[in-house]
Amino acid sequence: MKSMPTELFRMRTRNLPAAIIFPAILSVALFVMTIFLLVLPALESALMEQRRAMSRELTEVAWSSLARYQEKQAKGELSREQAQAMALDQLAHLRYGTDSKDYFWINDMHPYLIMHPYRPDLVGRDVSGFTDPDGKKLFAEFVQVVEKHGAGYVDYKWQWMDEPGRIVQKISYVKGFRPWGWIVGTGIYFDDIRAEIDTITRKLTWICLGILLLVFLLCFLIIRQGIRVERKRREAEDRNRMQQEQLFQASKMASLGTLVSGVAHEINNPNTSILMNASILNKTWKHVLPVLDQHAENHSDFAVGGMDYAGLKDRIPRLLDDIEENAGRIRDIVGELKTFAQQSTPDLNDDVDINPAVRKAYELTANLIKKSTDHFTVGSGADIPLFRGNRRKVEQVLINLLINACQSLTERSQPIEIRTCFEPASRTVVVEVQDGGRGIPAELLGRIKDPFFTTRQNAGNTGLGLAISDNIMKDHGGEMLFTSSPGSGTIATLRFPVRQSHPHRSDHEYKK
């Protein structure tokens, strides 16, 4: 009968992918649905109402200008013709908006078009029968709105500013000026609103796609490693079927430790990106919020997608918190497993072939390397003998050095190179990992192997990677050396001693 700790360990290992994947994906999906189904439509409505109010206020400004000149006429300072001519000249040259191309126009109650800066061909003509592409008699409707209400909105199709060949949807605010029998108006284009919404939508789409990509990548890595752990567990169980449960448990823990040591950094990097992107989404929501608050203040509470805005306002921050909480859960699980894996002392019972170990380390860090540099090279030496050690621990050291090399690069053109060789005189297998990154100052070079010391604290590094690697090298009777200077990159050198009796195996070349 299997012991309870063993069953709990099996259950946790088996359910690890689901425990990480489902909460993260569910939180991201809920957030994306809320943004695109609730927030963006509400934002579009608020922007439209804001632009409508702006056109009304601008028309009132133009109307006040007419009133000022009419007042001068009433006082006898100007004749009617002079007052009208001066008012027309002022409004004809008045511009605002994008590229200063938005304008005012004036027609009378007949209607005749009195002034239009972009349609001089219609000025002075009877436009009562003028229609837009949909057949709407827009000038006649201006007159009807003014006769009934004195002022109001009319939507129709009109040319885009000064481009006659481009016809778009427009809504204008018109107001009658009774002393002269005129109607003055200005309008907004629907395309302006759609352009702003499209810009916001594109930014949010890229952010959401980035988060989803990171989630799927993380899920793939977890599932792939989970399959490997399960396969190794079955192999260990077949080999040790007659052993006591304690030995069987230790075998599974060693397999899990190999998984954590090999991919902990690669899991933490995308998970950190999820946390950063959640912060970006938080900032985006904070920029959207004042517009919605202003709309709610002006028009009281309003419904968005069947939900009151007040409820929606509280719900969005909770969804963002869910993303950060679940990403933190991923980080905590990986940290717990990594801490556990570091407790054991490695068994040095493998005949380690350095070139396959380098290839394995590259495979586990290939995604990070491809994202970091366009120039990655492996120069594998020939006739390199095997040495006694722990193959997976050696791979862990190589992985740590490759990750550090990638993180030290500041641009993709900077190279990373791995070289392996054998020094017959000292009977030492040598591995060099060289990068063309930022380098390490001399005053810090002597401390980089100290526990908890890191030059990238802001990136969330624990400062344990090189300390662990240094202990592994000491367990193998080897050493890890660094040479570096700021701006010139870094060379990390691993030196593994070889027994006299070990055969030669590494005689192949591997390059990317």
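FYI, the numbering for the sequence shown is 194 to 705, going by the numbering used here.
No residue lacks a Cβ here, since even glycine has one placed at the ideal position from N, Cα and C.
Predicted model only: the values in this text are computed from it and were never measured.
Own chain, CB closer than 6 Å to residue i, minus 5 neighbours either side, in chain order
i: Tyr-262; result: Ala-276, Met-279, Ala-280
i: Pro-216; result: Asn-519
i: Ile-609; result: Thr-566, Phe-569, Ala-598, Asp-628
i: Arg-249; result: Tyr-366
i: Thr-686; result: Glu-625, Leu-674
i: Val-484; result: Ala-239
i: Phe-533; result: Here Phe-533 scores only 46 on pLDDT, less than 50, and its place in the model should not be relied on; the value that follows carries that caveat. Cβ within range, chain order: n/a, list empty.
i: Gly-572; result: Arg-612
Exposed unless 16 or more other CB atoms sit within 10 angstroms - verdict on residue i
i: Val-691; result: buried
i: Lys-564; result: exposed
i: Trp-399; result: exposed
i: Leu-306; result: buried
i: His-669; result: buried
i: Arg-371; result: exposed
i: Phe-413; result: exposed
i: Gln-418; result: buried
i: Ser-601; result: buried
i: Ser-257; result: exposed
i: Asp-663; result: buried
i: His-492; result: exposed
i: Met-226; result: exposed
i: Ile-661; result: buried
i: Gly-658; result: buried
i: Ile-420; result: exposed
i: His-286; result: exposed
i: Lys-476; result: exposed
i: Ser-321; result: exposed
i: Ala-235; result: buried
i: His-488; result: buried
i: Thr-558; result: buried
i: Thr-613; result: buried
i: Leu-219; result: exposed
Residues near residue i by beta carbon distance below 7 Å, same chain, minus five either side
i: Lys-553; result: Glu-588
i: Asn-462; result: Leu-561
i: Arg-584; result: Asp-543, Val-545, Ala-550
i: Met-446; result: Confidence in Met-446 is poor, its pLDDT being 45 and thus under 50, which makes the residue's placement too unreliable to answer from.
i: Asp-355; result: Lys-294, Tyr-311
i: Arg-288; result: Lys-294, Asp-295, Tyr-296
i: Thr-358; result: According to the sequence shown, residue 358 is Gly rather than Thr. So the list is empty, once near-sequence residues are dropped.
i: Ile-228; result: Leu-397
i: Leu-223; result: Leu-512
i: Arg-318; result: Tyr-305, Leu-306
For residue i, three-class secondary structure by DSSP
i: Tyr-296; result: coil
i: Tyr-366; result: strand
i: Met-673; result: strand
i: Gln-628; result: Note that residue 628 is Asp in the sequence shown here, rather than Gln. Here Asp-628 sits in strand by DSSP.
i: Glu-529; result: Reliability fails at Glu-529, whose pLDDT of 47 lies under 50, so the model's placement of it is uncertain and the value that follows must be treated cautiously. DSSP places Glu-529 in helix when its eight states are reduced to three.
i: Gln-352; result: strand
i: Ala-285; result: helix
i: Met-302; result: coil
i: Trp-256; result: helix
i: Asp-501; result: strand
i: Leu-638; result: helix
i: Thr-621; result: strand
i: Trp-373; result: coil
i: Ile-616; result: Note that residue 616 corresponds to Glu in the displayed sequence, not to Ile. Of the three classes helix, strand and coil, the one that applies to Glu-616 here is strand, per DSSP.
i: Glu-610; result: strand
i: Leu-485; result: helix
i: Thr-291; result: helix
i: Ile-684; result: strand
i: Asp-325; result: coil
i: Arg-692; result: coil
i: Arg-245; result: helix
i: Ile-633; result: coil
Whole-Å CB distance - residue i paired with residue j, under 8 Å assumed
i: Ala-255; j: Val-338; result: About 16 Å separates the two Cβ atoms, so there is no contact after all.
i: Gln-627; j: Gly-682; result: 7 Å
i: Phe-689; j: Thr-621; result: 7 Å
i: Leu-411; j: Asn-464; result: 6 Å
i: Leu-271; j: Lys-265; result: 5 Å
i: Ile-684; j: Lys-586; result: With 8 Å as the limit, Ile-684 and Lys-586 do not qualify as a contact, their Cβ atoms being about 22 Å apart.
Other residues of its chain near residue i: CB distance less than 8 Å, five sequence neighbours each side excluded
i: Asp-327; result: Tyr-349, Lys-350
i: Thr-324; result: Lys-330, Leu-331
i: Val-316; result: Leu-306, Ile-307, Met-308, His-309
i: Gly-343; result: Lys-368, Gly-369
i: Arg-244; result: Ile-381, Asp-385, Ile-386
i: Gln-607; result: Thr-566, His-568, Asp-628, Gly-629, Gly-630, Gly-682
Inside the region 380–437 only - alpha helix (DSSP H) runs reaching at least 4 residues: 383–432
Alpha helix (DSSP H) runs contained entirely in the region 558–601, provided each spans 4 or more residues: 584–601
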